[in-house]
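Q:
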Amino acid sequence: MCRSALTFLTAMLVVSNLHAQQLYKVSPHESRWASFENAAAEKANGGKENKHAKGHPAEFVVPGEKKTLLDVKGAGIIQRIWLTVNDRSPAMLRALRIEIFWDNATKPAVSAPLGDFFGTGLARRTSFQSALFTDPEGRSFNCYIPMPYRSAAKIVLTNEGNKQVHLFYDVNFQKVKSHADDVLYFHAYWSRNTAPELGKDFVIIPKISGRGRYLGMNMGVITNPLYEKSWWGEGEVKIYLDGDGELPTLNGTGTEDYIGTAWGQGAYNHLYQGCLVADEANRQWSFYRYHVPDPVYFQKDCQVTIQLMGGDMMPKVRSYVEKGAKLIPVTVHGKDFIKLLEQNPIPQITDKNFPDGWTNFYRSDDVSATGYFYLDKPFTSLPPLPPVEERVMYMADKQ
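As numbered in mature numbering (1 follows the signal peptide of the UniProt record, and there is no 0), residues -20 to -1, 1 to 379 make up the sequence shown, in order.
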């Protein structure tokens, strides 16, 4: 699609959304902003310091310090989170932790590295616009995911790095009287595996129980140099719903297919799908997919995984093994499509008579992901955020 056509489509979607909001109708909801200029988001209490002249726009956050960005009681809905920090290196953005708590829960519904949470895997900032997150010039963080709560909301930012940062922020929300029973709580889960087991799918969202909606994910991949410049994105996304066992109800056809492109993956950003980093020189890739126009609902439980699989021509794959790479061939596409794992015995890549052609294989790369979902409860039993040492490993300390 040409740039002008995409711009027109985006404009039409914005206009459609504005009409859906019925801008011309009054509402009983109360608008509030929380920032350092009015941390409690109280009525008629903003900008008190320095005789109302930009007295408290920002604060420093030293190593080990927590900053509460929002702490309000009653029912409401967060509609926008904006913030910025002066150090936007991947290492710092992995060291900064954002947590969101609903309804006075002691366990957060959101616990993720700041950079990854705001829509970019590998915590690498770039200018982009999606339906849920934006960064106009690679210097800020915007989230437009609506986040309802019934009795309380709290957002905490923790500096788990070794340098202080300069933080500006505001959280925009509406105070409401109550929510209907079918209104869900927003959650986000982040995980990383630097050396996954061959043939074992990476879990984007572990099994969660309850009623809800899988909203989507962003993912980062740092490819293993032992596979050289081979294609890494053959893995299929699998979404297990409502009691699925060994086989999922929803099954993709490849990683780049899942995010709406094909035959490889370059850099692009669209409303619901995109690849923000396609850095072959540094072996880094970051991409996202949001299920907004194509919702994924569940009534009992949900789990989301992705296969870690790549491909190359057979002689190259054989050379990777000879140089010490660990891999498991799974299919060969030559004159025929050969399902190697259904053969008896299973052919080995080192065999003289191994079939020639494009060979897909399980591989082990450094992968991380943030999964987003709504659930009918304010917290889950998902594993906690990994320690900062695991999050920042191999991350650059400069922008």
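Backbone N, C-alpha and C define an ideal beta-carbon position, used for all residues, glycine too. Quantities reported herein were computed from a predicted structural model and do not represent experimental measurements.
Among the candidates Asp67, Phe40 and Leu50, whose CA atom is the shortest distance from the CA of Gln379?
A: Taking the first residue of the sequence shown as position 1, residue 379 is located at position 399. Gln379 has its Cα closest to that of Asp67, out of Asp67, Phe40 and Leu50.
Q: Under 8 Å Cβ to Cβ from Leu50, same chain only, skipping five residues before and after it: list those, please.
A: Your numbering for residue 50 matches position 70 in the sequence shown. Cβ within range, chain order: Ala14, Ala21, Ile58, Ala133, Lys134, Ile135, Val151 and Phe153.
Q: Can you give me the start and stop residues for the beta strand (DSSP E) that Lys155 sits inside?
A: What you label residue 155 is simply residue 175 of the sequence shown in a count that begins at 1. Note, Lys155: beta strand (DSSP E), Val145 to Lys155.
Q: Looking at the strands, I want to know which residues DSSP matches up with Ala168.
A: Locating residue 168 in the sequence shown gives position 188, where the first residue counts as 1. Answer is Val90 and Tyr352, bridged to Ala168.
Q: What is the DSSP secondary structure of Pro367, counted as helix, strand or coil?
A: As a first step, residue 367 must be located in the sequence shown, where it is residue number 387. Residue state, collapsed to three classes: coil.
Q: Taking only the alpha-carbon atoms, compute the straight-line gap between Leu3 and Met294 and give it to the nearest angstrom.
A: Here residue 3 refers to the residue found at position 23 of the sequence shown. Here residue 294 refers to the residue found at position 314 of the sequence shown. Each residue's Cα considered, the two are about 59 Å apart.
Q: What distance in whole Å lies between the Cβ atoms of Gly27 and Gly35, which are believed to be in contact at a cut-off of 8 Å?
A: Numbered from its first residue, the sequence shown carries residue 35 at position 55. Numbered from its first residue, the sequence shown carries residue 27 at position 47. Confirmed, about 7 Å.
Q: Taking just the CA atoms, how far does Lys46 sit from Phe97?
A: Taking the sequence shown and counting its residues from 1, the one referred to as residue 97 is at position 117. Taking the sequence shown and counting its residues from 1, the one referred to as residue 46 is at position 66. Distance between the alpha carbons of Phe97 and Lys46 is about 17 Å.
Q: Rounding to the nearest angstrom, what Cα-Cα distance links Gln323 and Val310 in this structure?
A: Taking the sequence shown and counting its residues from 1, one reaches residue 323 at position 343. Taking the sequence shown and counting its residues from 1, one reaches residue 310 at position 330. Cα-Cα distance, rounded: 10 Å.
Q: Rounded C-beta distance between Met373 and Pro70? I'm assuming under 8 Å.
A: As a position in the sequence shown, residue 373 is number 393, starting the count at 1. As a position in the sequence shown, residue 70 is number 90, starting the count at 1. So it is not a contact: roughly 11 Å between Cβ atoms.
Q: Skipping 5 residues on each side, what residues in its chain have a beta carbon closer than 6 Å to that of Asp377?
A: Indexing the sequence shown from 1 puts residue 377 at position 397. These residues qualify, in order along the chain: Ser69 and Ala71.
Q: When you compare the CB positions of Val52 and Phe166, do they come within less than 9 Å of one another, or not?
A: Counting from one through the sequence shown, the residue named residue 52 turns up at place 72. Counting from one through the sequence shown, the residue named residue 166 turns up at place 186. Not closer than 9 Å, so no.
Q: Can you tell which of Asp161, Thr106 and Leu94 has its C-alpha closest to the C-alpha of Ala168?
A: Counting from one through the sequence shown, the residue named residue 168 turns up at place 188. With distances taken between Cα atoms, Ala168 lies closest to Leu94.
Q: Taking Cβ positions, are Cys255 and Asn262 nearer each other than 9 Å?
A: If you number the sequence shown from 1, residue 255 lands on position 275. If you number the sequence shown from 1, residue 262 lands on position 282. Cβ atoms of Cys255 and Asn262: not closer than 9 Å.
Q: Where do the ends of the alpha helix (DSSP H) carrying Met72 lie?
A: Locating residue 72 in the sequence shown gives position 92, where the first residue counts as 1. First-last of the alpha helix (DSSP H) with Met72: Pro70 to Ala75.
Q: Take every Cβ of the region 289 to 309, pair it with every Cβ of the region 327 to 341, and state whether three or more of those distances are shorter than 8 Å.
A: With the cut-off at 8 Å, the region 289 to 309 and the region 327 to 341 touch.
Q: Quick check on the burial criterion: 16 or more other C-beta atoms within 10 angstroms. Buried or exposed for Tyr277?
A: Here residue 277 refers to the residue found at position 297 when the sequence shown is read from its first residue. It is exposed - the Cβ of Tyr277 has fewer than 16 other Cβ atoms within 10 Å.
Q: What first and last residue would you give for the beta strand (DSSP E) that runs through Asp237?
A: Taking the first residue of the sequence shown as 1, we reach residue 237 at position 257. Taken as a continuous stretch (DSSP letters only), Asp237 belongs to no beta strand (DSSP E), being part of the alpha helix (DSSP H) at Thr235 to Tyr238.
Q: On the DSSP bridge assignment, give the partners of Asn173 in chain order.
A: Taking the sequence shown and counting its residues from 1, one reaches residue 173 at position 193. In DSSP, Asn173 forms a bridge with Val347.
Q: For Ala349, count neighbouring Cβ atoms within 10 angstroms of its own Cβ and tell me buried if that reaches 16, exposed if not.
A: The residue you call residue 349 lines up with position 369 of the sequence shown. Flag for Ala349 reads buried.
Q: So is Ala55 buried or exposed if we call it buried at 16+ other beta carbons inside 10 Å?
A: Residue 55 sits at position 75 when you count from the first residue of the sequence shown. Under this definition Ala55 is a buried residue.
Q: I need the DSSP call for Phe377, collapsed to helix, strand or coil.
A: The sequence position of residue 377 within the sequence shown is 397, counting from 1. Note that residue 377 is Asp in the sequence shown, not Phe. Of the three classes helix, strand and coil, the one that applies to Asp377 here is coil, per DSSP.
Q: Out of Leu307, Leu251, Val347 and Gly244, state which residue places its alpha-carbon closest to the alpha-carbon of Arg172.
A: On the sequence shown, residue 172 is found 192 positions in, with the first residue counted as 1. Arg172 has its Cα closest to that of Val347, out of Leu307, Leu251, Val347 and Gly244.
Q: Please report the straight-line C-alpha distance between Leu221 and Thr138, rounded to a whole angstrom.
A: In the sequence shown, residue 221 corresponds to position 241, counting from 1. In the sequence shown, residue 138 corresponds to position 158, counting from 1. The alpha-carbon atoms of Leu221 and Thr138 are separated by roughly 34 Å.
Q: Would you report the Cα separation of residue 380 and Tyr149, rounded to the nearest angstrom?
A: Absent from the structure is residue 380, since the part of the chain shown begins at -20 and ends at 379.
Q: When the cut-off is 9 Å and only beta carbons count, does Ile184 lie next to chain D?
A: In summary, chain D is missing from the structure at hand, where a single protein chain is found.
Q: Report the rounded CA-to-CA distance for Thr(-14) versus Glu117, giving the unit in angstroms.
A: Locating residue -14 in the sequence shown gives position 7, counting from the first residue. Locating residue 117 in the sequence shown gives position 137, counting from the first residue. The predicted model places Thr(-14) with a pLDDT of 49, which falls under 50 and marks its position as unreliable; any figure quoted below should be read in that light. One C-alpha to the other measures close to 18 Å.
Q: Out of Glu236, Thr235 and Val217, which one is the CA nearest neighbour of Pro228?
A: In the sequence shown, residue 228 corresponds to position 248, counting from 1. For the residues Glu236, Thr235 and Val217, the minimum Cα distance to Pro228 belongs to Val217.
Q: In terms of residue numbering, what span does the beta strand (DSSP E) encompassing Ser189 cover?
A: In the sequence shown, residue 189 corresponds to position 209, counting from 1. Run containing Ser189: Phe182 to Ser189, per the beta strand (DSSP E) assignment.
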